[in-house]
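This report refers to the structure that appears directly beneath it.
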Amino acid sequence: MSHIATTIKPMPHDSTNKTVFGFWVYLMTDLVLFATLFATYAVLHNNTFGGPSGKDIFDMPFVLTETMLLLTSSFTAGLAMLSVYKKKKSLALTFLVITFLLGATFLGMELYEFNHLVQEGHSWRESAFLSAFFTLVGTHGLHILSGLIWVSVLMGQLIKKGITVHTTRRLTLFSLFWHFLDIVWIFIFTIVYLMGVA
Amino acid sequence: MAEHKSTNAAGAGHGSLLTYTTGFVLSVILTLGAYYFVVHDSFAHRELIAIIVGLAVAQLMVQLFFFLHLGKESKPRWNLIVFMFMLLVVAIVVIGSIWIMDNLDYNMMPEHQMDEKMMHERDKGF
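Protein chains in written order, with this note's numbering: chain A, 89 to 286; chain B, 2 to 127.
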């Protein structure tokens, strides 16, 4: 009986399932994009063309701070989702604001690092290594930027519309995206920075 | 407790404060561990690389499980299946690129570098 009811009128829960699965498939294709950039970096990271190598330009305590900020923001994004599922709107908003601020600080630090490198004369034009570095890390940074814009819009929707099926679904997608970006960063931190100075 | 086991979107479990906190603490430990080993140069180069890659993969597993709740969804596990397929694609792209480019590098090496490389490999016992 309930079977017939669902075929006639699909439940919102069901369409949410499909949306989240579709978004998951997008994330997986985005992973392939990052994989190609990682492969490019792995191939080119020794081609410094007389310029600096990773050892010369990476400031490790600075990068560790960035890593911790992003990791914490991934955690607070998860806490925001828990609050959403428990229908605690103001708590969810608090966690989203923290997530946003941590993400924005991360991006600010990354831009500071980029600017510092360019000022020192080590821009992407200097060597294949630096081109690959800026492309890989910059692409991650662009994802972070779009995540920050996205979460700002979602916070506005949450304030205006409250916790509904739609806002919950959108926030679920955002949290998947944000956790995904943190996972990509683990590998940037390990492969680019840690292996660069090891 | 029962509500924590309920499944949300895509049939994936959405975890509890405990799972998120566990994931976060483990991630912090794994990150700091890798950082510590590299900064203090605790191991020989080859071992060090193996260890930090191992720690990164461990953190990947931790976050997939505790943050993305992969594997906790109800059957059929499409999320997991798509993820596994992507791992295969990523492995082919990354390992394939490095392999091919390494070969190319070797075969297109200028003569003087080739001599050095041969000497080096002979010293290693090839």
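Glycine included, C-beta positions come from ideal geometry on N, C-alpha and C.
These numbers were taken from a predicted model, which means no experiment stands behind them.
Nearest-angstrom Cβ-Cβ length linking residue i and residue j, presumed shorter than 8 angstroms
i, j, result
"residue 280 of chain A", "residue 225 of chain A", "7 angstroms"
"residue 269 of chain A", "residue 232 of chain A", "6 angstroms"
"residue 130 of chain A", "residue 93 of chain B", "Wrong, their Cβ atoms sit about 14 angstroms apart, outside the cutoff."
"residue 83 of chain B", "residue 113 of chain A", "6 angstroms"
"residue 265 of chain A", "residue 95 of chain B", "In fact, because the Cβ distance is near 22 angstroms, the residues do not count as touching under 8 angstroms."
"residue 53 of chain B", "residue 283 of chain A", "7 angstroms"
"residue 192 of chain A", "residue 242 of chain A", "Incorrect: roughly 15 angstroms between the Cβ atoms, too far for contact."
"residue 172 of chain A", "residue 256 of chain A", "6 angstroms"
"residue 274 of chain A", "residue 88 of chain B", "Residue 274 of chain A to residue 88 of chain B, Cβ: 15 angstroms. No contact."
Exposure of residue i, with buried meaning 16 or more beta-carbon neighbours within 10 Å
i, result
"residue 110 of chain A", "exposed"
"residue 86 of chain B", "exposed"
"residue 19 of chain B", "exposed"
"residue 163 of chain A", "buried"
"residue 154 of chain A", "buried"
"residue 210 of chain A", "buried"
"residue 108 of chain B", "exposed"
"residue 160 of chain A", "buried"
"residue 112 of chain B", "exposed"
"residue 70 of chain B", "buried"
"residue 57 of chain B", "buried"
"residue 215 of chain A", "buried"
"residue 228 of chain A", "buried"
"residue 51 of chain B", "exposed"
Alpha carbon of residue i to alpha carbon of residue j, nearest angstrom
i, j, result
"residue 238 of chain A", "residue 262 of chain A", "8 angstroms"
"residue 66 of chain B", "residue 59 of chain B", "11 angstroms"
"residue 78 of chain B", "residue 42 of chain B", "42 angstroms"
"residue 221 of chain A", "residue 147 of chain A", "14 angstroms"
"residue 149 of chain A", "residue 140 of chain A", "19 angstroms"
"residue 252 of chain A", "residue 167 of chain A", "18 angstroms"
"residue 34 of chain B", "residue 245 of chain A", "40 angstroms"
"residue 223 of chain A", "residue 124 of chain A", "11 angstroms"
"residue 107 of chain A", "residue 267 of chain A", "17 angstroms"
"residue 143 of chain A", "residue 254 of chain A", "47 angstroms"
"residue 117 of chain A", "residue 120 of chain B", "44 angstroms"
"residue 64 of chain B", "residue 28 of chain B", "7 angstroms"
"residue 202 of chain A", "residue 217 of chain A", "14 angstroms"
"residue 96 of chain A", "residue 258 of chain A", "Reliability fails at residue 96 of chain A, whose pLDDT of 49 lies under 50, so the model's placement of it is uncertain and the value that follows must be treated cautiously. Each residue's alpha carbon lies about 25 angstroms from the other."
Residue range of the alpha helix (DSSP H) that includes residue i
i, result
"residue 258 of chain A", "253 to 275"
"residue 48 of chain B", "46 to 67"
"residue 144 of chain A", "142 to 145"
"residue 134 of chain A", "Where residue 134 of chain A is concerned, there is no enclosing alpha helix (DSSP H), given that its DSSP letter is neither H nor E."
"residue 223 of chain A", "216 to 249"
"residue 89 of chain B", "79 to 108"
Simplified DSSP state of residue i, which is helix, strand or coil
i, result
"residue 286 of chain A", "coil"
"residue 156 of chain A", "helix"
"residue 174 of chain A", "coil"
"residue 42 of chain B", "coil"
"residue 106 of chain A", "helix"
"residue 123 of chain B", "helix"
"residue 287 of chain A", "Residue 287 of chain A cannot be examined here, being either before or after the span of chain A that is shown, 89 to 286."
"residue 71 of chain B", "coil"
"residue 76 of chain B", "coil"
"residue 209 of chain A", "coil"
"residue 28 of chain B", "helix"
"residue 34 of chain B", "helix"
"residue 166 of chain A", "helix"
"residue 161 of chain A", "helix"
"residue 196 of chain A", "helix"
"residue 16 of chain B", "coil"
"residue 139 of chain A", "coil"
"residue 117 of chain B", "helix"
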